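S.K.:
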Amino acid sequence: MMPPLITGLLKPAAYPHPANTPRLIETHISWVILAGEFAYKIKKPLDLGFLDFSSLDKRRHFCEEEIRLNTRLAPDIYLGVVAITGTPEEPLIEGTGAAIEWAVKMRAFPADATLDREPEITIEQIDAIADRIAAFHENIAIAPAESAYGAPESVSEPVAVNFAQLRKLLPLLDGETFKTLLDRLQTWSQTESERLAVHFIARKTNGYIRECHGDLHMGNIAWVDGKPLIFDALEFNPALRHIDVISEIAFLAMDLRHRDRDDLAWRLLNRYLDQTGDIDGLAALPYYQVYRALVRAKVAAIQASQAGADFAECLRYLELANRLAHDRRPALVLMHGVSGSGKTWLSQHLLEQLGGIRLRSDVTRKRLFGLKPLQDSSADFSNTPGGIYTQAASARTLTTLLDAARASLAAGFLTLVDATFIHRTWRAPFQALAEEIGIAWQIVSVEAPSDVLRARIAQRRLSGADASEADQSVLDSQLANLQPFSPEESVHVLHLGSGWTVADAIAQLRAALNIQPKP
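For the numbering used here, add 314 to where a residue sits in the sequence shown, where the first one is 1.
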């Protein structure tokens, strides 16, 4: 039954501005009233353990926190905290007298603009979201070194609490199916917590624990005026937003996988990593994805219990968590070919369809010199002999790529390394790495006619939409210095000459690496 206050706020007279037919949106922890050009968010008087809105003073405090946190990403939307006065039956927004409740005032945007309601999410939207989150993470506050945030026990505590809260809901669930999954996932999570303890300490030491959004899923991202609007940052528990940045991107990637868009999840993750270079964070990505799926399972269970609905959505999240916990299949793929051959374009399709991490030499080289992927190095290093393409810079790039590949493979991911690999001195260390750790490896060699290569390079230079800065002279040098594959390499080479298709390449690579299609 709806509280009298919420019923009263559905009357136009409650507002100091035009508000014909106010409309209610309800979540498990709040009511949002859409009233004319504005929206008002009222927190439910709840104490759920992981949040406490039980008193009026607490609700005011968390309204103020919501404004502070959300103006970082949506300053034009979050306008301030306003008092609700009058009586529950006849409330007044921003009226005179004592406050009977507090609300967050926002500028309204179309309710159906959130991406969880979009029938089809585009790759342009995913790229823009990844870029926005990467920039946000780069600029937000780092957790104080003296705080407990990010310490191993602080990382594992909310995971354990979440299991305890899910188990309290078990009497409402369908017995053994839920219990078996929870038992399996809790054992896995405890083991991973212990295994990753040193990693967690290093992440905090290196400044990756930051005051993040905290609740980054598709329902909290809208597409407004051709760009992403990220809203509803988590305000009610500072420990749940002072987290590893990789946990934040893990949440969104998990949400896309829940929506059966694995391709977009991998695209998002790789785009984010291209911007940040945070390959070391991958070690805990499966752990955080499982945790995030279990949080959504809990929310789904709470919503189902409040609405008297079934728990099918909760079960879907638990099953996803179980898949994410056992989704490790490390293998190494070297993308071979001169500039303009199409290897980078193909690797994008491979990472999306097979699921994996791509490491690009062009992006890595620029990052070593403090450049973003699409920045033009000639503008910043015009007075440096050789710019960023000296022999020493190439050696640093190779070493960095090799270290990143080792980290990605150790985390359990199919890893694609995108470089020309025209020299055996570049290929050999990666092959040795694969042999050392005992994983399958493959070279995907992509070719194209000379006139096609030159046309692609010219178009790429003109568009400025790719990290590669190769021109016609670079191509000429590459063609003149192509080193053939050794007999030992040849048995691992997948040759893509004229007429190849993406579907053929994916099928051949699946077979070579024994990667099974998604059921």
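The C-beta atom is built at its ideal place from N, Cα and C for all residues, glycine as well.
Since we're looking at a predicted model, the values are computed, not measured.
(1) Quick check on DSSP: helix, strand or coil for I414?
(2) Nearest to E761 by alpha carbon, out of R337, H531 and G813?
(3) In whole angstroms, what is the alpha-carbon distance linking K541 and D445?
(4) Should D624 be labelled buried (16 or more other beta-carbon atoms within 10 Å of its own) or exposed?
(5) Rank L665, L723 and V652 by C-alpha distance to the C-alpha of D765 and give the top, closest one.
(6) Rounded to whole angstroms, what's the CA-CA distance from A465 to L728? Just pull it up for me.
(7) Which whole-angstrom value is the C-beta distance of L582 and A567, which I expect to be below 8 Å?
(8) Just curious, the alpha helix (DSSP H) that H513 is in, first and last residue?
(9) Look up V807 in the DSSP assignment and say whether it is helix, strand or coil.
(10) Along the chain, where does the alpha helix (DSSP H) that runs through V475 open and close?
(11) Could you have a look at L849 and say whether DSSP puts it in helix, strand or coil?
(12) Out of D641, R643, T658 and A448, which one is the CA nearest neighbour of M649?
(13) Going by beta carbon distance, what residues of the same chain come within less than 6 Å of A718, once the five residues before and after it are set aside?
(14) Verify whether the separation of the beta carbon atoms of R373 and F364 is less than 8 Å.
(15) At which residues does the beta strand (DSSP E) containing P542 begin and terminate?
(16) Can you say whether T711 is buried or exposed, counting buried as having 16 or more other CB atoms within 10 angstroms of its CB?
(17) Pull up the distance between the alpha-carbon of Y354 and that of H663, whole angstroms please.
(18) Tell me the residue span of the beta strand (DSSP E) that contains W755.
(19) What ranges does the alpha helix (DSSP H) occupy inside the segment 365-429, keeping only unbroken runs of at least 4 residues that lie completely in it?
(20) If you measure between the beta carbons of L543 and A388, is that distance less than 8 Å?
(21) Along the chain, where does the beta strand (DSSP E) that runs through V604 open and close?
(22) Among residues of its own chain, excluding the 5 on either side of C628, which ones have a beta-carbon nearer than 6 Å to its beta-carbon?
(23) Buried or exposed, going by whether 16 or more other CB atoms sit within 10 Å of the CB of P600?
(24) Evaluate the contact criterion for the segment 785-794 versus the segment 633-645: three or more CB pairs, one atom per stretch, below 8 Å.
(25) So, at 7 Å on beta carbons, what are the nonlocal neighbours of G811 in its own chain, with the 5 sequence-adjacent residues on each side left out?
(26) For the segment 739-756 against the segment 687-704, do three or more pairs of beta-carbon atoms, one drawn from each stretch, fall closer than 8 Å, so that the two count as touching?
(27) Assuming P332 and L324 make a contact with CB atoms under 8 Å, what is their CB distance in whole Å?
(28) According to DSSP, is A333 part of a helix, a strand, or is it coil?
(29) Ignore the nearest five residues each way along the sequence and tell me which others in R606's own chain have a CB closer than 7 Å to its CB.
(30) Let's see if you can read the secondary structure: which residues bound the beta strand (DSSP E) around F352?
(31) Among residues of its own chain, excluding the 5 on either side of A597, which ones have a beta-carbon nearer than 6 Å to its beta-carbon?
(32) In terms of alpha-carbon separation, which member of E408, K357, P644 and K419 lies closest to P381?
(33) In three-state terms, what does DSSP make of R672?
M.R.: Walking through what the data contain:
(1) coil
(2) G813
(3) Rounded to whole angstroms, K541 to D445 spans 11 Å at the Cα level.
(4) exposed
(5) V652
(6) Each residue's CA atom was taken as its position, placing A465 and L728 some 29 Å apart.
(7) 6 Å
(8) A511 to T519
(9) strand
(10) P466 to K482
(11) The chain is shown from 315 up to 833; residue 849 falls before or after that span and cannot be answered.
(12) T658
(13) I593 and L673
(14) no
(15) K541 to I544
(16) buried
(17) 43 Å
(18) W755 to V760
(19) 370-384
(20) Yes, the Cβ-Cβ distance between L543 and A388 is below 8 Å.
(21) Careful: V604 lies outside any beta strand (DSSP E), inside the alpha helix (DSSP H) at L599 to A621.
(22) So the list reads A611, A614 and A615, once near-sequence residues are dropped.
(23) buried
(24) Output reads no: the segment 633-645 does not touch the segment 785-794.
(25) E761
(26) no
(27) That pair is no contact at about 15 Å.
(28) coil
(29) A564, F565 and M568
(30) In the DSSP assignment, F352 falls within the unbroken beta strand (DSSP E) covering F352 to K357.
(31) H513 and A725
(32) Note that residue 381 corresponds to Ile in the displayed sequence, not to Pro. Per the Cα distances, K419.
(33) strand
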